[in-house]
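Be aware that the sequence shown starts at 712, since it is given in our numbering, and climbs by one per residue.
We put the beta carbon where it would ideally sit given N, CA and C, even for glycine.
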Amino acid sequence: MTTTTTGIEVPADGRTREPKGYLAKYSLASFGLFLAIFAPALGGLSVKIQSLVGLDQAPAALGLVTGVGALFALVAQPLVGRLSDRTMAKWGMRRPWIVVGVVGAFLALVASGLAPNIPILLVTWCAAQLFSNFAQAAETATVADQVPHQRRGVVSGLVGAATPVAILVAAIGLNFLPTDALRFAVPAAVGLVLGLIFALTLKDRVRLMRPEQPFDVKEFFGSFVFNPRTYKSFGWAWLTKAFIMFGYASVAAYLTLFLAVDFGMRDTASQLQFNLIATLVSVVFIVTFSILGGRLSDRLGRRRIFVRLGGIILGVGVLIVAVSPLVGPAAGLTLILAGEVFIGIGGGFFFAVDNALCIDILPNKQNTAKDLGVLNIANTLPQMIAPFLAGTLVIPLGNAILNGFGYTLWFMIAGVVAIIGGILVYRIKGVA
């Protein structure tokens, strides 16, 4: 099902509500895509890599795989955003990219679960990141296409809630699915089904007029950049998102290895069990405060205060996790859970309004998906930089100068970065 337009202005600006059924299907598609990627990223990859190379080499190998994989995500988001803005297929502007993305991601994730060594895992994980970001870039662009300004806080809040729910379901799956192959394949299958349902029932837009600017080399590289002097608020929004996501990604990627090294949990089953408990604690608060924050944001007409609170509270939570090994094993595990409460509250506020705030300050509605793709670099770049810095530099350095507390140093840096991100949000102008 499609709606046609001769121009490219965002049609949602003239609506009072999104199309019937859009919100539920978009939320489920987001959940499915997040589940497919989070199941490996939040423990599946770590456990698989431990089985392939051992615990001592796991941090560096994990940093390599996730870091290079995030580089592919970095390229895919804005590029597909730009291409989907220009797509003239009768099937719609966004739908083809969603379908290709979810199918490709499913196949790549299945292959990742079966990978017998690090080089093959690296290739398949990069493919999974590439295709999943095909889908995410196009799905995210449908919000600006379909949802009016005054409803975007609600949508952002529900999608913010879909993120932690996917994390929780992923953690449960990691505990109950008995093999690496199933830990990758089952979440990927859920993402495939929900993504196809959303794509095939989407009332997508069909572009009838060719873009005035041809897609040449200049246009290609323009997919990844913007002028921060011309679009200052867009630049500050990018930086705010990147800093807060850096803090959030720091714990999510390395919790299982942190438990193994600093708390003596050498058994991967024990790591995954505690990871599930920590995830459950975090998710309860993320879901609660994401929905609450989204509704309050729309009611009060304010976005920035929730991002500021989110970044600061989340950063404090990461700092609590950082000092947990200093108080002993039993008390330290309790302190990790306390940190997850703060991460959940802060993450809930941030995820609730982040998408809505970013859409509100897009510099050019003729390039909606491209600009959202550039903003999504702020999601993927921290995931690329954080594991690489942690595994190859910060954790080894911390182990050397802090008598083995490399993870403590890493989490302290990440917590401070998240707090700075929360403070920076008030440099964004043109939005309350």
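Whose C-beta lies closer than 8 Å to the C-beta of residue 1137 among residues of the same chain, with five residues either side of it excluded?
Around residue 1137, the same chain offers 1015 and 1019 as residues with beta carbons nearer than 8 Å, after the five sequence neighbours per side are excluded.
Residue range of the alpha helix (DSSP H) that residue 806 falls in?
806 to 825
Taking Cβ positions, are residue 987 and residue 878 nearer each other than 8 Å?
no
Report yes or no: do the stretch 1029 to 1043 and the stretch 963 to 978 share at least 3 C-beta pairs separated by less than 8 Å?
yes
With three or more beta-carbon pairs closer than 8 Å as the criterion, would you say the stretch 941 to 955 touches the stretch 1100 to 1114?
No, because fewer than three Cβ pairs between the stretch 941 to 955 and the stretch 1100 to 1114 fall closer than 8 Å, the two stretches do not touch.
Starting from residue 830, follow the alpha helix (DSSP H) in both directions and report where the run begins and ends.
Residue 830 -> alpha helix (DSSP H) spans 829 to 857.
Report back the beta-carbon spacing between residue 1022 and residue 1130 to the nearest angstrom; my notes put them in contact at under 8 Å.
6 Å
Please confirm whether residue 1171 and residue 911 have their CB atoms less than 8 Å apart.
The displayed coordinates of the chain run from 712 to 1143. Any statement about residue 1171 would go beyond what the structure contains.
May I ask you to verify whether the stretch 767 to 776 touches the stretch 892 to 904, counting CB pairs closer than 8 Å and requiring at least 3?
no
Contact belief for residue 1142 with residue 1071 at Cβ below 8 Å, rounded distance in angstroms
5 Å
Taking its Cβ as the centre, do 16 or more other Cβ atoms sit within 10 Å of residue 890, making it buried, or is it exposed?
exposed
What are the boundary residues of the alpha helix (DSSP H) that includes residue 753?
No alpha helix (DSSP H) contains residue 753, which DSSP labels as neither H nor E.
Short Cβ contact (8 Å threshold) for residue 851 with residue 1083
Going by C-beta atoms, residue 851 is nearer than 8 Å to residue 1083.
Any idea if residue 1112 is buried or exposed, counting beta-carbon neighbours within 10 angstroms, 16 or more meaning buried?
Residue environment analysis places residue 1112 among the exposed positions, since fewer than 16 neighbouring C-beta atoms fall within 10 angstroms of its C-beta.
Give the C-beta separation of residue 849 and residue 808 to the nearest angstrom, bearing in mind that I take them to be a contact with Cβ-Cβ under 8 Å.
With a contact defined as Cβ atoms closer than 8 Å, residue 849 and residue 808 qualify at about 4 Å.
If you drop the 5 nearest sequence neighbours on each side, which residues of the same chain put their C-beta closer than 6 Å to that of residue 1060?
1000, 1004, 1017, 1020 and 1021
Classify residue 976 as helix, strand or coil using the three-state DSSP reduction.
coil
Rounded straight-line distance, which links the Cα of residue 822 to that of residue 840
13 Å
With a cut-off of 8 Å on the beta carbons, I'd call residue 747 and residue 875 a contact; round off their distance for me.
Not quite, the Cβ-Cβ distance comes to about 15 Å (not below 8 Å), so this is no contact.
Beta-carbon contacts of residue 815 that lie in its chain and below 6 Å, excluding the five residues immediately before and after:
842
State the DSSP-derived secondary structure class of residue 949, mapped to helix, strand or coil.
In the structure shown, residue 949 adopts helical secondary structure according to DSSP, grouped into three states.
Under the three-state reduction of DSSP, which class applies to residue 729: helix, strand or coil?
coil
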